[in-house]
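Visitor: This is the structure, below, for whatever I ask next.
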Amino acid sequence: MQQVLNDLRWLGIDWDEGPEVGGPNGPYLQSQRLDIYRSYAERLVREGKAYYCFDTVEELTVLRDKAEAAKQGFAYTRPAVLPDEKDVARARAEGRPVAIRFAVNAPQGFVVDDLIRGKVRFGPAEVGDFIIIKSDGFPTYHFAVVIDDELMKVTHVIRGQEHLMNTPCHQALQDALGFRRPAYAHMSVTVSDSGGKLSKRERPVTLRKAIEKNAAADRAALAAAGGISAENLDGFLRGESMPDMPAVDAMARQLGVELPEINIVDFFRSGYIPETMVNFLGFLGFNPGGEREILRREELVSVFDIHRLTKANSLFDRKKLSSFNTEHIKMCTPETLLAHFKMFLAQTGSPLQKADDAMLSRMLHCCLGARTLAEIERKCRFVSADDDAIEFDPSAVEKVLRKDGGAATLPLVARRLGELKEVTAEAIEQVLRGLAEEKQVGLGKVAQPLRVAITGTTISPPIFDAVDMLGMDRTLKRIALAVRRFGTETNG
RNA sequence: GCCCCUAUCGUCUAGAGGCCUAGGACGCCGGGUUCUCAUCCCGGUAACAGGAGUUCGAAUCUCCUUGGGGGUACCA
7 MQQVLNDLRW LGIDWDEGPE VGGPNGPYLQ SQRLDIYRSY AERLVREGKA
57 YYCFDTVEEL TVLRDKAEAA KQGFAYTRPA VLPDEKDVAR ARAEGRPVAI
107 RFAVNAPQGF VVDDLIRGKV RFGPAEVGDF IIIKSDGFPT YHFAVVIDDE
157 LMKVTHVIRG QEHLMNTPCH QALQDALGFR RPAYAHMSVT VSDSGGKLSK
207 RERPVTLRKA IEKNAAADRA ALAAAGGISA ENLDGFLRGE SMPDMPAVDA
257 MARQLGVELP EINIVDFFRS GYIPETMVNF LGFLGFNPGG EREILRREEL
307 VSVFDIHRLT KANSLFDRKK LSSFNTEHIK MCTPETLLAH FKMFLAQTGS
357 PLQKADDAML SRMLHCCLGA RTLAEIERKC RFVSADDDAI EFDPSAVEKV
407 LRKDGGAATL PLVARRLGEL KEVTAEAIEQ VLRGLAEEKQ VGLGKVAQPL
457 RVAITGTTIS PPIFDAVDML GMDRTLKRIA LAVRRFGTET NG
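The first sequence maps to residues 7 to 498 in our numbering.
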């Protein structure tokens with residue numbers, strides 16, 4: 007619940023009334039509305055439109071199985087004589103569950119007039135008497151929404167297709183209570199590229215597969231990372247239990263596997279910006295008809311039309327999502343992007359948090375075209391690393407510094423850079439290009455060894471900016487360290 | 001089993017009987033730009049699920065089949 011609220015806020019979606027902001031139609035939490043539901047339920051019972059029932063879950067299961075065996079749909083059979091107060095008292099004394107069931111009265115069936123799908127018809131036998139108050143005293147979803155929609159003056163109910171079949175129940179209830187009927191729109195479901203529907207279960211399942219594949223993984227360390235016991239981990243691996251979200255995340259990190267993003271926060275942590283998510287999610291199951299797809303929130307709002315929601319399920323395409331992110335990162339104002347980046351760095355605990363705004367802005371500016379903020383962070387992390395603790399990518403060192411003899415050119419590069427009076431990206435560019443020309447080689451022959459020396463990898467922002475961001479002192483220090491470490495072996 | 005929804009390139013989709021030789025975007029493939037990774041610029045690949053109707057004419061309407069999804073709860 008709290009997470010949903012946080013997610014909405016991150017997306018920049020706010021609400022006029024509801025949890026946290028209050029409003030004229032509260033309270034907004036179902037747990038605070040129990041008395042309301044109960045009084046309406048009692049009214050229905052008094053009017054003979056609902057009745058108490060005492061079946062156990064087991065008894066109901068038997069009935070359902072019987073119906074299926076007979077190749078029939080199941081509908082609860084209403085007793086010929088509705089139970090009275092004495093029956094309730096007796097059931098309570100016997101320790102039987104006491105629930106309240108709504109007596110559906112619709113001999114001619116139901117028509118749901120859906121904004122997306124048109125009129126959908128259901129036969130009278132399709133909707134049996136259903137529970138409105140559970141034996142624990144809480145309302146079922148069906149009952150609570152109907153009451154809430156009426157009391158909160160809801161005009162449009164837009165929800166997942168999985169609720170289409172529930173709508174006759176809701177309408178029957180509205181009729182019995184004398185409520186008005188909101189307009190309904192049942193949206194298509196978003197399915198995952200890994201198969202079924204996009205579900206929270208995908209993350210733990212992916213993790214389990216990763217653990218199974220990686221036989222060498224240290225199970226004890228894994229359990230410790232997730233803060234769960236070895237038995238719990240075993241249970242999880244056997245498919246008997248699911249650890250909670252933080253545990254799953256922690257174990258994935260320990261194992262070094264990437265889990266598919268499902269929840270909105272997952273996308274935040276992966277470096278997507280809210281503008282992207284609003285645009286992309288808005289286009290899943292909706293299309294304004296034009297040829298433009300990259301839209302700002304205000305544009306999306308103005309172009310939205312409930313009648314243009316699509317009917318068929320849509321698949322969540324992460325490739326397209328990341329391309330949308332590239333576009334939105336490019337469209338952001340520098341200030342907005344900086345704010346997003348800082349939130350991202352804080353969330354992921356990046357060492358780049360130490361950098362000041364000017365430096366971070368520069369990083370963002372240099373990395374326009376990146377797919378995600380995570381990519382930018384990775385590319386620029388070298389700035390915050392300790393000069394003598396750079397992690398060298400072995401294959402980069404092997405190829406650039408050793409095999410191509412790059413280490414041998416570093417001392418000269420260092421000398422020329424050291425001679426610079428005024429250090430700017432432009433000046434650095436001049437030095438390096440001049441050097442390449444002098445040596446009759448491509449710029450790459452000079453830039454790549456330098457890049458590996460100061461970042462440890464072959465991936466970084468443009469080399470001139472990279473050197474400038476790092477500062478000349480640290481650049482020279484790193485070159486010296488790299489020469490000492492990788493240079494002599496090449497020469498001797 | 002029963003019930004409901006749904007069906008255009010690999011994916012998201014445009015398309016409401018002739019503007020369709022089916023458009024766009026992402027992806028993919030090829031080429032160019034480039035100091036790396038990206039970006040960027042050119043070009044290309046690729047779809048109306050199948051079968052019957054209706055109509056002068058069908059991606060568009062009807063029916064059937066098949067595929068996909070959902071529901072079938074004292075979960076939401």
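We treat Cβ as the ideally placed atom computed from N, Cα and C, and that holds for glycine. The structure presented is a predicted model; accordingly, all values stated were derived computationally and were not measured.
Reducing DSSP to helix, strand and coil, say where Y190 ends up.
Guide: In this structure, Y190 counts as strand in the three-state DSSP scheme.
Visitor: With DSSP run on the structure shown, which of helix, strand or coil describes C386?
Guide: C386 falls in the helix class under three-state DSSP.
Visitor: Name the residue from E383, P400, V447, V452 whose alpha carbon lies nearest to the alpha carbon of P417.
Guide: Here the closest residue by C-alpha is V452.
Visitor: In chain order, what residues of the same chain lie with their CB nearer than 7 Å to the CB of P130, ignoring the 5 residues before and after it?
Guide: Counting only Cβ-Cβ distances below 7 Å, and skipping sequence neighbours, we find A112, P113, Q114, G115.
Visitor: From the DSSP secondary-structure annotation, give me the bridge partner or partners of S320.
Guide: Beta-bridge pairing links S320 to T196.
Visitor: Hey, which unbroken runs of the alpha helix (DSSP H) at 4 residues or more fall wholly within the segment 404–428?
Guide: Whole alpha helix (DSSP H) segments, 4+ residues: 416–424.
Visitor: Taking one C-beta from the segment 117–130 and one from the segment 7–19 each time, how about it: are there three or more such pairs within less than 8 Å?
Guide: No, they do not touch.
Visitor: I'd like the ranges of any beta strand (DSSP E) spanning at least 3 consecutive residues and lying wholly in the segment 118–189.
Guide: 124–128, 136–139, 162–166, all fully within the segment 118–189.
Visitor: Can you tell me the Cα-Cα spacing of V437 and V195, whole angstroms?
Guide: V437 and V195: Cα-Cα distance of roughly 57 Å.
Visitor: Using 8 Å as the threshold, is the C-beta distance between R377 and T342 below it?
Guide: Taking 8 Å as the Cβ cut-off, R377 and T342 do not qualify as a contacting pair.
Visitor: Go ahead and pull the three-state DSSP assignment for A105.
Guide: A105: strand per DSSP, three-state reduction.
Visitor: Is it buried or exposed, P33, if we count other Cβ atoms within 10 angstroms and call 16 or more buried?
Guide: Exposed, by the Cβ-count rule.
Visitor: Starting from C372, trace the alpha helix (DSSP H) both ways and give me its first and last residue.
Guide: Its alpha helix (DSSP H) spans residues 363–372.
Visitor: Go ahead and pull the three-state DSSP assignment for A223.
Guide: Three-state result, A223: coil.
Visitor: Buried or exposed for V63, going by 16 or more other Cβ atoms inside 10 Å?
Guide: With fewer than 16 other Cβ atoms within 10 Å, it is exposed.
Visitor: Let me know the secondary structure DSSP gives G288 once reduced to three states.
Guide: Helix.
Visitor: Who are the Cβ neighbours of R314 in its own chain at under 7 Å, not counting the five residues just before and after it?
Guide: So the qualifying residues of the chain are F292, N293, P294, G295.
Visitor: Grab the span of the alpha helix (DSSP H) containing A97 for me, first residue to last.
Guide: 91–100 is the span of the alpha helix (DSSP H), which, as asked, contains A97.
Visitor: Given a cut-off of 8 Å on the beta-carbon distance, is the pair I460 and F398 in contact?
Guide: Not in contact: I460 and F398 (Cβ atoms no closer than 8 Å).
Visitor: For F185 and V152, which I take to be in contact (beta-carbon distance under 8 Å), what is that distance rounded to the nearest angstrom?
Guide: Between V152 and F185 the Cβ distance is about 7 Å, and since that is below 8 Å, they are a contact.
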